Amino acid sequence: MRFASFTPAVRMGLSIAVATGLYGISFGALAVAAGLTTWQAMALSLLMFTGGSQFAFIGVVAGGGSAAAAVGAASLLGVRNAVYGVQMNHLFAPRGARKWLMAQITIDESAATTLSQDEPAEQRRGFWTAGLGVFVLWNLFTLAGALLGDALGDARTWGLDGAAVAAFLGLLWPRLKGREPVALALVAGLVTAAAIPWVAPGIPILLAAAAGAIWGWWGHAR
């Protein structure tokens, strides 16, 4: 079956799964360099499965921080997934074992792919394609990165640090169809850029999300 024959949501989900999954190579290599074993790196990808939290965890470990500090940093960045979970639960109302599976694969990529679709059927296809696709590829490439380790060198040399960012820009661009979305995107971008030099990695995106929430509350109250 050709790629072009898939629905738009499936094509988008597959594309972002590949872009994000490739970045797992960087995580696997950095996790081993931080002192984790291959199996510990795999456990983080299989169980924690949220890239920002995983990178925060190994960043604290590599810097000599305690396990409690590493878990705290990872948990802070994982708060955003709870927000996505509320949205996905409202859209799909899953039950039983499916609810647990959907909770595991509710991440930035699956939520963004879902919310970029207008039709309910396409939202469902986008969620499962992106969520399962990222889960499988992220774990496969985490293993590859952990095994290859230093042989890869700096992941930025391969452009892997920009793959996920480019995918998200591709998802965001079609949503900017009015003055307010464009203005909000600019504000979030400025907040993120201003915060990067002053706070730990991963925190700027939370600050940008807070700015978006304040914007929404203010607009609703007005």
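The numbering of the sequence shown is my numbering, which starts it at 106 and goes up by one. Beta carbons: idealized from backbone N, C-alpha and C, even for Gly. Computed from a prediction, not measured in an experiment: that's the story for all the values here.
query: Identify which residue in Val241, Thr297 and Leu311 has its Cα closest to the Cα of Gly129.; result: Val241
query: Which residue marks the beginning of the alpha helix (DSSP H) containing Glu285, and which one marks its end?; result: Arg284 to Ala300
query: Among Ala172, Arg230 and Val296, whose alpha-carbon lies nearest the alpha-carbon of Met207?; result: Arg230
query: Are Thr211 and Asn186 close, meaning C-beta to C-beta below 7 Å?; result: yes
query: Taking 7 Å as the threshold (C-beta atoms), are Gly133 and Ala122 in contact?; result: no
query: Judging by CA-CA distance, which residue of Ala172, Trp233 and Gly168 is the nearest neighbour of Phe197?; result: Trp233
query: From Ser120, Leu141, Leu119 and Thr125, pick the residue whose C-alpha is nearest to that of Gly254; which is it?; result: Leu141
query: Taking all protein chains shown into account, decide if Asp223 is buried (16 or more other Cβ within 10 angstroms of its Cβ) or exposed.; result: exposed
query: Which whole-angstrom value is the C-beta distance of Ser215 and Met117, which I expect to be below 8 Å?; result: That belief does not hold up - the Cβ atoms of Ser215 and Met117 are roughly 11 Å apart, past 8 Å.
query: Measuring alpha carbon to alpha carbon, tell me which of Leu182, Phe160, Ala139 and Phe154 ends up nearest Gly169.; result: Ala139
query: How close, in whole Å, do the beta carbons of Ala316 and Ala293 come, if the pair is a contact with beta carbons under 8 Å?; result: 6 Å
query: Pick helix, strand or coil for Pro199, following the three-state DSSP scheme.; result: coil
query: Provide the residue span of the alpha helix (DSSP H) that contains Ser158, from first to last.; result: Gly156 to Ala167
query: For Ser171, does the count of other Cβ atoms within 10 angstroms reach 16, so buried, or fall short, so exposed?; result: exposed
query: So what does DSSP say about Ser221, is it helix, strand or coil?; result: coil
query: I need the DSSP call for Ala208, collapsed to helix, strand or coil.; result: helix
query: Run through DSSP, which three-state label would Tyr189 get?; result: helix
query: By the 10 Å Cβ neighbour count, where 16 or more other Cβ atoms means buried, how is Leu127 classified, buried or exposed?; result: buried
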